[in-house]
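K.L.:
In the order they appear, the protein sequences are chains A and B. Add 115 to the 1-based position in the first sequence for the working numbering, that's all there is to it. Add 71 to the 1-based position in the second sequence for the working numbering, that's all there is to it.
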Amino acid sequence: MDLLEYQGKQLFARHGVPVPKGVPASTVEQAVAGADELGYPCVVKAQVLIGGRGKAGGIKVANDRREAEEHAGAILGMDIRGFTVHEVWVEQASDIAAEYYASIVFDRAAKKPLVLLSTQGGMDIEEVAERDPGAIAKLHVDPLLGFQDFHARRLAFDAGVDADVIRGVGALLTKLYDAFVGEEAMLVEVNPLIVTADRSVAALDAKVTLDDNALFRHPTNAELRDVSGEDPQERMARERGLTYVKLDGNVGILGNGAGLVMSTLDVVAQAGGSPANFLDAGGGAKAEEITSAVEVILSNDAVTAVLFNIFGGITRCDEVARGLIEAFAQIEPTVPFVVRLDGTNDKEGRALLAEADLPNVHTEATMLGAAEKVVELARS
Amino acid sequence: MSVFVDRETRLCVSGITGREGTFHTLNNKRYGTQVVSGVTPGKGGQDVEGIPVFNTFHDAVEQTGANTAMIFVPPRFAADSILEAEDAGIALIVAITEGIPAHDELRVYNHLARNDDVRLVGPNCPGILSPGKANVGIIPAAFFKEGNVGVVSRSGTLTYQIGNELAQRGFGNSSIVGIGGDPVPGTSFIDVIAAFESDPETELIVMAGEIGGSAEEEAADYIAEHVSKPVVAYIAGFTAPPGKTMGHAGAIVSGTSGTAKAKQEALEARGVRVGQTPTQVAELAAEIAGSLAR
């Protein structure tokens with residue numbers, strides 16, 4: 116789960132990472148009241164889960180009340196690369212002397228947290244990495260040892276941080292690591308990490324990705340989920356405990372197990388079709404879950420045919436068949452279905468479907484055959 | 072021969088008294104696996120259809136000689152259960168549990184890495200099946216028979232699909248190892264491929280990967296340098312859009328890395344043939360097996 120900038124900053128602040136003072140606002144009135152309270156100049160920043168806000172006009176400095184009102188009015192409701200701005204963060208302006216970069220990523224290959232520090236902040240770090248890889252200091256941390264002062268010193272010296280802020284940057288990194296571990300993040304990124312004119316340091320931006328699997332231990336973080344930008348079908352699926360990703364095509368897809376569903380999408384594409392979604396009904400899905408999944412798939416109007424590709428292990432094919440029969444009773448779908456059932460209780464499942472004789476439901480014996488059939492039906 | 076589980080396996084199941092835990096434990100036992108005990112804190116002294124239940128792994132190991140653990144407890148208890156099994160001296164830990172927090176997995180991985188006598192397979196995996204010998208996990212064993220193809224995969228149902236296509240062409244398996252779809256798997260493709268390379272029964276290796284991470288690319292380098300047996304690969308997720316997690320916590324294309332195409336290219340550049348569909352994987356395997364026979 117990705118956090119908005121201000122949510123990330125509030126999370127940082129809980130761990131002692133210095134951040135500029137600010138106020139979130141979802142109306143112009145709130146923004147102006149916040150700006151008055153913070154004092155001028157201040158910065159009005161669009162809160163959306165996408166980069167390039169500054170270039171899109173989503174970050175503006177307000178020198179007085181009139182400008183705060185004008186900027187908040189312009190930015191709230193603005194569309195930034197497909198994301199509508201519902202909230203702004205009004206923040207005290209900072210007196211910036213230098214812009215650094217710091218991040219901690221969950222490095223899957225090394226299976227350790229990786230801490231990065233660079234004095235070339237304020238721009239796209241991938242560009243820095245390409246142009247001048249030596250400009251980014253990197254260090255893996257043993258998660259059982261934790262982040263030590265020597266880690267911070269090595270990073271600061273390697274990155275060439277100004278001598279007078281080495282301690283301050285080190286302290287910020289230590290607190291950032293606390294936040295990374297304490298909140299169970301997959302990524303924390305500060306770009307820019309600023310050095311101010313009076314030589315203090317602060318996180319001027321915050322990018323935080325939390326581990327969805329750990330949210331049960333962090334109920335306050337779980338409430339931060341931004342549902343406004345979420346696709347309605349994806350939201351419906353999530354609320355029903357299904358793993359669903361919406362895609363651009365017209366062939367609805369349901370399978371069991373992430374790998375098999377991914378493979379099904381590929382095989383449909385190779386057969387000349389275009390998948391409308393990824394939907395993993397999960398292991399051991401019962402009839403009600405299948406019925407629910409059909410509803411989610413068909414709530415996407417682009418779907419012109421649906422493919423069920425099931426290889427039952429802990430999932431029982433007869434449960435899948437019952438779920439589909441129930442879905443026909445409840446929703447009366449008008450698009451054709453192609454069903455391929457193999458594995459646990461496949462004979463029972465196929466027998467149930469044959470007996471129910473649902474309109475426009477075709478059974479196929481193989482995954483490839485089923486993919487070809489559904490592509491043909493989706494076209495007609 | 073086979074890898075990781077066989078007739079010497081003495082299995083202890085953590086979470087044996089849960090609904091799913093009981094169901095799959097009994098399935099494994101019916102298959103012929105030596106299921107010697109289970110662990111559920113607070114239920115020590117009870118039994119599940121004759122299988123004794125203990126409060127701790129230490130008791131189970133001491134009293135039943137368990138050498139393998141299967142973890143079936145919910146995500147919030149799973150890391151602790153794995154650590155307990157290791158502490159009790161279990162040599163092989165198979166973690167079926169899905170949804171374990173990533174930082175828990177990180178701590179477990181780095182702790183277990185300090186002990187050369189323990190192997191973790193999973194988490195979020197279907198387990199290990201050595202046909203005719205032992206089944207530890209949830210793989211539907213009825214679809215597989217003994218043979219010479221070793222299969223290693225990040226996904227359960229995809230393994231069944233590929234295994235079934237192989238079976239339809241007459242192939243059996245030495246072992247089928249599901250390493251799981253999480254960001255921090257305890258056992259990597261490389262570990263399993265190395266085991267298959269030194270397993271005399273395995274003549275052909277099939278690896279089924281998917282988008283996300285760099286495990287397939289690392290395996291490609293390893294195969295080029297250390298593996299003499301033929302390897303056929305499959306990668307799922309060519310149509311996956313970047314930035315979206317495709318079901319498995321580990322299956323996400325981030326930026327330019329982790330795409331199916333990049334993995335396919337890395338494998339093919341090292342001489343590993345990559346099937347475009349599960350069917351094609353089986354066809355490639357048949358072709359290679361045919362040439363081996365000659």
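Yeah, the Cβ is synthetic: ideal placement off N, Cα and C, and Gly gets one too. Because the structure is a prediction, the values reported are computed rather than measured.
Between which two residues does the beta strand (DSSP E) carrying residue 214/A extend?
P.N.:
Looking at the DSSP string, the run of the beta strand (DSSP E) that includes residue 214/A is 211-222.
K.L.:
Assess, as a yes-or-no matter, whether the stretch 474-494 of chain A is touched by the stretch 247-264 of chain B under the definition of 3 or more beta carbon pairs within less than 8 Å.
P.N.:
The stretch 247-264 of chain B is not in contact with the stretch 474-494 of chain A.
K.L.:
Taking the alpha carbon of residue 190/B as the point to measure from, which residue in 204/B, 160/B, 145/B has its own alpha carbon closest?
P.N.:
Looking at the Cα atoms, 160/B is the closest of the given residues.
K.L.:
Using the DSSP secondary-structure output, state which residues sit across from residue 390/A in a beta bridge.
P.N.:
Beta-bridge pairing links residue 390/A to 366/A.
K.L.:
Measuring only between beta-carbons, confirm whether residue 365/B sits less than 9 Å from chain A.
P.N.:
In this prediction, residue 365/B has a pLDDT of 46, which is less than 50 and means its spatial position is unreliable; nothing more can be read from the coordinates.
K.L.:
Alpha carbon to alpha carbon, what distance is there between residue 252/B and residue 418/A?
P.N.:
Distance between the alpha carbons of residue 418/A and residue 252/B is about 29 Å.
K.L.:
Please classify residue 41/B: does DSSP put it in a helix, a strand, or coil?
P.N.:
Outside the shown range of chain B, which is 72 to 365, sits residue 41/B, and nothing can be said about it.
K.L.:
Would you tell me roughly how many angstroms separate the C-alpha atoms of residue 219/A and residue 123/B, rounded to the nearest one?
P.N.:
Spanning the two alpha carbons is a distance of roughly 46 Å.
K.L.:
Restricting to runs no shorter than 4 residues, where is the alpha helix (DSSP H) found entirely within the stretch 80-153 of chain B?
P.N.:
The qualifying runs are 90-102, 128-135.
K.L.:
Cα separation between residue 167/B and residue 429/A?
P.N.:
Straight-line Cα distance between these residues: approximately 12 Å.
K.L.:
Report the residue from 229/B, 103/B, 329/B, 276/B whose alpha carbon sits nearest the alpha carbon of residue 313/B.
P.N.:
That would be 329/B, whose Cα lies nearest to the Cα of residue 313/B.
K.L.:
In terms of residues, what are the limits of the alpha helix (DSSP H) holding residue 142/A?
P.N.:
Looking at the DSSP string, residue 142/A is not in any alpha helix (DSSP H), and its letter there is neither H nor E.
K.L.:
Please go through the same chain and pick out, in chain order, the residues whose beta-carbon is closer than 6 Å to the beta-carbon of residue 135/B, but skip the five residues on each side of it.
P.N.:
Closer than 6 Å at Cβ, skipping near neighbours: 107, 108.
K.L.:
Taking the beta carbon of residue 335/B as the centre, do at least 16 other beta carbons fall within 10 Å, making it buried, or is it exposed?
P.N.:
Looking at its Cβ environment, which holds 16 or more other Cβ atoms inside 10 Å, residue 335/B is buried.
K.L.:
Given a limit of 7 Å on CB to CB distance, which residues of the stretch 374-387 of chain A reach chain B?
P.N.:
If the cut-off is 7 Å between Cβ atoms, the stretch 374-387 of chain A has 374, 375, 376, 377, 378, 380, 381, 382, 384, 385 near chain B.
K.L.:
Spell out a yes or no on whether the stretch 296-309 of chain A and the stretch 196-205 of chain A are touching, meaning 3 or more CB-CB pairs, one atom from each, closer than 8 Å.
P.N.:
Touching, no.
K.L.:
Under 7 Å between beta-carbons, which chain A residues line up against residue 209/B? List them in chain order, please.
P.N.:
428, 429, listed in chain order.
K.L.:
What does DSSP give as the partner residues of residue 322/A in its beta bridges?
P.N.:
Beta-bridge pairing links residue 322/A to 304/A.
K.L.:
Does any residue of chain A bring its CB to less than 9 Å from the CB of residue 358/B?
P.N.:
For residue 358/B, the answer is no, since every Cβ of chain A falls outside 9 Å of its Cβ.
K.L.:
Apart from the five residues just before and just after residue 338/B, which ones in its own chain have a Cβ nearer than 6 Å to its Cβ?
P.N.:
Counting only Cβ-Cβ distances below 6 Å, and skipping sequence neighbours, we find 291, 304, 345.
K.L.:
Residue 157/B CB to nearest chain A CB: under 9 Å?
P.N.:
Chain A, which has no Cβ nearer than 9 Å to the Cβ of residue 157/B, makes this no.
K.L.:
Using the Cβ count rule (16 or more neighbours within 10 Å means buried), how would you classify residue 177/A?
P.N.:
That one is buried.
K.L.:
Return the CA-CA distance between residue 223/A and residue 321/A, expressed in angstroms with no decimal places.
P.N.:
If you take the alpha carbons of residue 223/A and residue 321/A, they lie about 22 Å apart.
K.L.:
Cβ closer than 9 Å: which chain B residues qualify as neighbours of residue 299/A?
P.N.:
Neighbours of residue 299/A on chain B, chain order: 172, 173, 174, 175.
K.L.:
Can you list, in chain order, the residues of its chain whose CB lies under 6 Å from that of residue 496/A, leaving out five sequence neighbours each side?
P.N.:
Lying outside 116 to 495, the shown extent of chain A, residue 496/A is not represented and no answer is given.
K.L.:
Verify the CB distance criterion: does residue 315/B have a CB-CB separation below 9 Å to chain A?
P.N.:
Answer yes: the Cβ-Cβ gap between residue 315/B and chain A drops below 9 Å somewhere.
K.L.:
Tell me which residues of the stretch 336-358 of chain B have at least one Cβ-Cβ distance to chain A shorter than 8 Å, keeping chain order.
P.N.:
So the list reads 347, 348, 349, 350, given in the order they occur along the chain.
K.L.:
Restricting to runs no shorter than 3 residues, where is the beta strand (DSSP E) found entirely within the stretch 186-233 of chain B?
P.N.:
Entirely contained in the stretch 186-233 of chain B, the beta strand (DSSP E) runs reaching 3 residues are, in chain order, 190-192, 198-201, 205-208, 217-224.
K.L.:
At the level of alpha carbons, what is the spacing between residue 492/A and residue 145/B?
P.N.:
Cα to Cα, residue 492/A sits roughly 42 Å from residue 145/B.
K.L.:
Please tell me whether residue 423/A and residue 453/A are closer than 9 Å, where the distance is taken between their beta carbons.
P.N.:
Cβ distance < 9 Å, so residue 423/A and residue 453/A count as in contact.
K.L.:
Report the residue from 237/B, 300/B, 207/B, 341/B whose alpha carbon sits nearest the alpha carbon of residue 93/B.
P.N.:
It is 207/B whose Cα lies nearest to the Cα of residue 93/B.
K.L.:
Checking contacts by CB at 9 Å: is residue 475/A closer than that to chain B?
P.N.:
Chain B contact via Cβ: absent.
K.L.:
In the DSSP assignment, find the unbroken alpha helix (DSSP H) run with residue 317/B in it and report its ends.
P.N.:
That residue, residue 317/B, is in no alpha helix (DSSP H); it is neither H nor E in DSSP.
K.L.:
Quick one: using the 10 Å Cβ neighbour count with 16 as the cut-off for buried, is residue 306/A buried or exposed?
P.N.:
With 16 or more Cβ atoms within 10 Å of its Cβ, residue 306/A is classed as buried.
K.L.:
I want to know whether the stretch 252-272 of chain B touches the stretch 406-421 of chain A - three or more CB-CB distances under 8 Å.
P.N.:
The answer is no - the stretch 406-421 of chain A does not touch the stretch 252-272 of chain B, with fewer than three Cβ pairs under 8 Å.
K.L.:
Determine whether the beta carbon atoms of residue 231/A and residue 240/A lie at a separation below 9 Å.
P.N.:
Cβ distance < 9 Å, so residue 231/A and residue 240/A count as in contact.
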